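Right, one structure below, let's go through it.
There are 2 protein chains.
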Amino acid sequence: MDLKAGGFGNSGRSDDHAETPEDIGADVVTNRRNVLANNSSLHQAMHEDVAPAPRPNIVIMLADNMGYMDPGCYGGGAVLGAPTPRMDQMAKEGLRLTSFYSETQCTPTRAAMLTGRLPIRTGMALASETGSNAGISPEERTLARVLSDAGYNTAIFGKWHLGDIRESEPQNMGFDEFFGLLYHLNSYTQSERIGFDPRWEAGEPLGLVEAKKGENLTEVSPLNVSSLAYVDEQSMERALAYIKSQSSSADPFFVYIPFVRTHFPSVQNPRWAGKSSKGPYGDGLMEMDHHVGMVLDTLKELGIENNTIVVLTSDNGPTLDQWPDSGFSPFRGGIGTTYEGGVRVPCIFWWPGMIEAGRSSDEIICTLDLFTTLAVLGGGEVPADRPIDGIDQSEFILGRQENSNREWVVWYIGTGSAANTIPAAVRWHQFKVHTRAYDSFQGPESYYGQIPAVYNIEMDPREEHNIAGEHDFVISAFTKIYRGLVASMIEYPNTPSRAYPISAGAS
Amino acid sequence: MDLKAGGFGNSGRSDDHAETPEDIGADVVTNRRNVLANNSSLHQAMHEDVAPAPRPNIVIMLADNMGYMDPGCYGGGAVLGAPTPRMDQMAKEGLRLTSFYSETQCTPTRAAMLTGRLPIRTGMALASETGSNAGISPEERTLARVLSDAGYNTAIFGKWHLGDIRESEPQNMGFDEFFGLLYHLNSYTQSERIGFDPRWEAGEPLGLVEAKKGENLTEVSPLNVSSLAYVDEQSMERALAYIKSQSSSADPFFVYIPFVRTHFPSVQNPRWAGKSSKGPYGDGLMEMDHHVGMVLDTLKELGIENNTIVVLTSDNGPTLDQWPDSGFSPFRGGIGTTYEGGVRVPCIFWWPGMIEAGRSSDEIICTLDLFTTLAVLGGGEVPADRPIDGIDQSEFILGRQENSNREWVVWYIGTGSAANTIPAAVRWHQFKVHTRAYDSFQGPESYYGQIPAVYNIEMDPREEHNIAGEHDFVISAFTKIYRGLVASMIEYPNTPSRAYPISAGAS
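Top to bottom, those sequences are chains A and B. Each residue of the first sequence is one higher than the one before, counting from 1 in UniProt numbering. Each residue of the second sequence is one higher than the one before, counting from 1 in UniProt numbering.
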């Protein structure tokens, strides 16, 4: 039985590839459709030769701008002045992925995770600024909607950053409950910066808000340099209360906890100030680590840990431009870049009794796959009427197969939505191809001209030695992937971006 | 009871420090002498409130130029295309150190490990070239001598690189048996390089040699681009045979295995060629990993693993100038530099039943400490007639104290031997001070002028942000350490280097 839902030409290690771009696209879409036609029986079929499992509760914890090497279990922790015992413990009890990829910044990663679709398809490839009146299309089928339709209760506690127009707010995109904030964290401190005139703000941005499904947002409290310190604490209080209230429900739950840590500015919660030897960033990381532990502890206390899958990851790499208020990656670059430092992030899966404790894997997997994998595990229906780029990795995650179903990851940057938009980068096996790249959000940019750059990221993890000349077979693979994507975007046109191209990397 | 043997003013977290340089030196030396006067009872006393343990067999495995992040248990392994399951397993069964420091290159690290003395004291701060007629002074009391005098049988299988004059050869420096090679690996391929005229070589260097205590060296086979592939395999065969032959002996053994892996050129052993996806370097790393496992397996098969302490470390960071025939560090720089990439190396202690399995520590410890710690554990006599910079870390290693006895590490580079020679760098707590530094063996050099550079290596692991201006207290600490060292070198003059200052970093 073929479980490779979605994946867009990526799923098949043994696929036969057609030769023209149109054929490639059609072949892929056909593959996907065939799989998805049987989607409702996927979960059941998956378990047919092992003990049947109830649909698990699902918890996603998403760190903001946490670097690959920040957690101790990825080489940092105490080494970088901020121990992370709870994340390390989570890795010991679960599956630690070392080639897990996010998008290059907040908004596209969140969009990719909740839709399973490349941000260029959903018009969400760039973060929007406050007041830009942008947001995710109400036509998108988010993971919250898919799981909600499958009988899950759903809630989000934390940072949204997928738009501020009414129909794009979380309580209108599939979540039963929302408590949190709409924008990137630093937007809430604009009015306190030197030289800022409060008359320019015109009531934006909103503060900490809440709403139940379909309601209008209510402001709970304003956000500023003082109150930012307590956002995660407040979100956590509500998240834990929600989980406790759900534990007696007959329906499973999906809780999405997008922390405001470790995004700058790391305004210290006084209970954590000085706990690390790394300053505010490290203190914030340790606070977040503590919150990760609280979630796992609560699941154990409620006795539902064997029926709850928890995922912890980060939306992108560290904000190097903000040093010392930033994390660390052993790789090149940080947020806003397609170099490894920008997109290779920690990711831990945890499900006691179902996911082998202490497993580690360097297989390629990405944020898009969270959508498809969790939808499948939850018995939800992966949309069949649009391209889904996320791949079902449930067999891999559960240890029933050693390999990921993914051979490559593609990144688009900017507001371009044309079908022939050139991807900024692709990881394919141990290689990375770049057509243009930035060392950090704020540059400098490397434009690689007519010949894309090729790096071997196992031999050269800091992407310093461009080996395109002797590795044109990698560029051939890139071209093939690109042609397939073009074909699918001709068949299913992308949603134009509503963001204005004012962020780094706009094109 | 004070167990801090050696350490040169470093050992006492609670020491009172005198105020003049002479007093500091005197104070330290007095401290050391007081400790060492009771040295013969150290081992017994250490165990007085726990079950007495027999003196363990001691095995040191030393990798050549392996980078901090090469092993999987330090973040690399499969991530970098070369899985290291045996080193990872060793870490799971033992103690993994994440702030362990070597010297900046082969020779000084080997000298520091075998003497417990700063390479500037022994004249061994620079690697010597073939035919330079240099070597370690026969006056030095090596770990092999100390343990030999304490009743150990001793042997070395692998790379020496502490000199080629007769009295400096290993069979004359405390080892009962020697099989291996005298120089750095690439010296054996000189005669096969383009443009080399064999008439220039005049019989140097020697090949694979062997000798028993006091004998002249015998050449077993020549070394060249073909035969280099098999050196570790041949050494390992003899090392394992030696360990097996020793297991029935009433005396404990000390076996020193300085691998030729992973020094360039990584001439592939055909049995390992292509096993990694990283090319010859990765294949060599995997071969070495296999050999590490063979040693541990043999100890277990013989049933002596509970009475054998095994240490695995590297002599310095990766040879970045040789990419792709090089390892990787997440830190700045490689071999030849005092940046973290040059001197922060993997180090795993393994002693089932005595060292807690799976422990990890970021406490500062260094190669010098191996001498003192292993001498103490073996009941050997740490020399009391000369400054010993290594500190006894046995209580820390055995988990009887959480902290290392070391607060700082100092590095000297070059052939200078004057007492007031300025150290190239010091790590002190989470800070690094540099007076001059090289990004790689072959430069470029940063000379920091009149104000040393200060980096916070927890916040800034790649040493990019010089914060000397706001951290003059770190420079004060550096100055205090420097003054103490000057005083001791006035009292005990350094042995002048016999190496010619032709290597990078010579001064």
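All C-beta atoms in this analysis are idealised placements derived from N, C-alpha and C, irrespective of residue type, glycine included. Treat the numbers as computed from the prediction; the structure is a model and nothing was measured.
Bridge partners - residue i, DSSP secondary structure assignment
{"i": "tyrosine 447 of chain A", "result": "A/Arg436"}
{"i": "tryptophan 428 of chain B", "result": "B/Trp408 and B/Phe431"}
{"i": "proline 258 of chain B", "result": "B/Leu62"}
{"i": "cysteine 347 of chain B", "result": "B/Leu97 and B/Thr313"}
{"i": "tyrosine 74 of chain A", "result": "None, per the DSSP bridge assignment."}
{"i": "alanine 155 of chain A", "result": "A/Glu177 and A/Val255"}
{"i": "arginine 359 of chain B", "result": "B/Leu95"}
{"i": "isoleucine 467 of chain A", "result": "According to DSSP, isoleucine 467 of chain A bridges with nothing at all."}
{"i": "alanine 453 of chain B", "result": "B/His434"}
{"i": "valine 209 of chain B", "result": "B/Gly180 and B/Glu219"}
{"i": "isoleucine 365 of chain B", "result": "B/Phe100"}
Neighbour list for residue i in chain A, Cβ cutoff strictly below 8 angstroms
{"i": "residue 513 of chain B", "result": "This structure gives no information on residue 513 of chain B, because the portion of chain B shown stretches from 1 to 507."}
Contact list for residue i against chain B, beta-carbon separation under 8 angstroms
{"i": "phenylalanine 264 of chain A", "result": "None at all; the shortest Cβ gap to chain B is about 14 angstroms."}
Chain B contact for residue i (CB, 8 angstroms cutoff)
{"i": "lysine 278 of chain A", "result": "yes"}
{"i": "histidine 465 of chain A", "result": "yes"}
{"i": "valine 79 of chain A", "result": "yes"}
{"i": "proline 346 of chain A", "result": "no"}
{"i": "glutamate 93 of chain A", "result": "no"}
{"i": "phenylalanine 441 of chain A", "result": "no"}
{"i": "methionine 69 of chain A", "result": "yes"}
{"i": "asparagine 38 of chain A", "result": "The predicted position of asparagine 38 of chain A is uncertain, since its pLDDT is 34 and thus under 50; a value taken from the coordinates is nonetheless stated next. Chain B, which has no Cβ nearer than 8 angstroms to the Cβ of asparagine 38 of chain A, makes this no."}
Short CB-CB distance (under 8 angstroms) between residue i and chain A
{"i": "tyrosine 74 of chain B", "result": "yes"}
{"i": "glutamine 401 of chain B", "result": "no"}
{"i": "tryptophan 408 of chain B", "result": "no"}
{"i": "proline 330 of chain B", "result": "yes"}
{"i": "glutamine 89 of chain B", "result": "no"}
{"i": "residue 527 of chain B", "result": "Chain B is shown from 1 up to 507; residue 527 of chain B falls before or after that span and cannot be answered."}
Alpha-carbon to alpha-carbon, residue j and residue i
{"i": "proline 138 of chain A", "j": "arginine 145 of chain A", "result": "11 angstroms"}
{"i": "glycine 163 of chain A", "j": "leucine 80 of chain B", "result": "38 angstroms"}
{"i": "tyrosine 448 of chain A", "j": "alanine 468 of chain A", "result": "10 angstroms"}
{"i": "arginine 400 of chain B", "j": "valine 345 of chain B", "result": "24 angstroms"}
{"i": "alanine 437 of chain A", "j": "proline 352 of chain A", "result": "40 angstroms"}
{"i": "serine 128 of chain B", "j": "threonine 107 of chain B", "result": "8 angstroms"}
{"i": "isoleucine 365 of chain B", "j": "phenylalanine 100 of chain B", "result": "5 angstroms"}
{"i": "isoleucine 165 of chain B", "j": "glycine 135 of chain B", "result": "6 angstroms"}
{"i": "aspartate 439 of chain A", "j": "asparagine 269 of chain B", "result": "38 angstroms"}
{"i": "tyrosine 492 of chain B", "j": "leucine 312 of chain B", "result": "32 angstroms"}
{"i": "alanine 487 of chain B", "j": "alanine 419 of chain B", "result": "8 angstroms"}
{"i": "glycine 151 of chain A", "j": "isoleucine 243 of chain A", "result": "16 angstroms"}
{"i": "proline 423 of chain B", "j": "threonine 435 of chain B", "result": "7 angstroms"}
{"i": "threonine 30 of chain B", "j": "lysine 432 of chain B", "result": "Residue confidence is low: threonine 30 of chain B scores 28 on pLDDT, short of 50, so the model does not pin down where it sits. No coordinate-derived value is stated."}
Under 7 angstroms from the C-beta of residue i: neighbouring residues of chain A
{"i": "threonine 98 of chain B", "result": "Val79"}
{"i": "methionine 459 of chain B", "result": "Gly81, Lys278, Gly279 and Pro324"}
Within chain B, the residues that residue i reaches when beta carbons sit closer than 7 angstroms
{"i": "histidine 362 of chain A", "result": "Histidine is not the amino acid found at residue 362 of chain A; the sequence shown has aspartate there. The contacting residues are Ala78 and Val79."}
Contact with chain D by residue i, beta-carbon distance below 8 angstroms
{"i": "histidine 291 of chain B", "result": "Absence of chain D from the displayed structure is noted, the protein chains being A and B."}
Residue i Cβ short of 7 angstroms to the ligand HEM heavy atom set
{"i": "serine 276 of chain A", "result": "The ligand HEM is absent from the structure shown, which contains no ligand whatsoever."}
Indicate whether the contact test is met: 3 or more Cβ pairs, each with one atom in the stretch 319-328 of chain B and one in the stretch 444-455 of chain A, closer than 8 angstroms. With contact defined as three or more Cβ pairs closer than 8 angstroms, the stretch 319-328 of chain B and the stretch 444-455 of chain A are not in contact.
Please confirm if the stretch 222-231 of chain A is in contact with the stretch 296-311 of chain A, defined as three or more CB-CB distances below 8 angstroms between the two stretches. No, they do not touch.
Segment contact, 8 angstroms Cβ cut-off, at least three pairs: the stretch 393-412 of chain B with the stretch 105-122 of chain B: Touching, yes.
State whether the stretch 253-267 of chain B contacts the stretch 282-298 of chain B, with contact taken as three or more CB pairs (one from each stretch) at a distance under 8 angstroms. Cβ pair count under 8 angstroms is three or more, so yes.
Do the stretch 243-258 of chain B and the stretch 55-70 of chain B touch if we need at least three Cβ pairs shorter than 8 angstroms? Under the Cβ criterion (8 angstroms, minimum of three pairs), the stretch 243-258 of chain B counts as touching the stretch 55-70 of chain B.
Do the stretch 343-361 of chain B and the stretch 74-94 of chain B make contact, defined as three or more Cβ pairs closer than 8 angstroms? With three or more CB-CB distances shorter than 8 angstroms, the stretch 343-361 of chain B counts as touching the stretch 74-94 of chain B.
Using a Cβ distance threshold of 8 angstroms, determine whether the stretch 465-480 of chain A contacts the stretch 368-386 of chain A, with at least three qualifying pairs required. Verdict: no, contact absent.
Touching or not, the stretch 271-280 of chain A and the stretch 206-225 of chain A, by the rule of three or more beta carbon pairs under 8 angstroms? By the Cβ rule, the stretch 271-280 of chain A does not count as touching the stretch 206-225 of chain A, because fewer than three pairs are nearer than 8 angstroms.
Three or more C-beta pairs closer than 8 angstroms, one from the stretch 169-180 of chain B and one from the stretch 191-201 of chain B: is that the case here? Flag = no, the stretch 169-180 of chain B and the stretch 191-201 of chain B do not touch.
Answer yes if the stretch 327-339 of chain A comes into contact with the stretch 63-70 of chain A, meaning at least three C-beta pairs across the two stretches below 8 angstroms, and no otherwise. Taking a contact to require three or more Cβ pairs closer than 8 angstroms, the stretch 63-70 of chain A and the stretch 327-339 of chain A qualify as touching.
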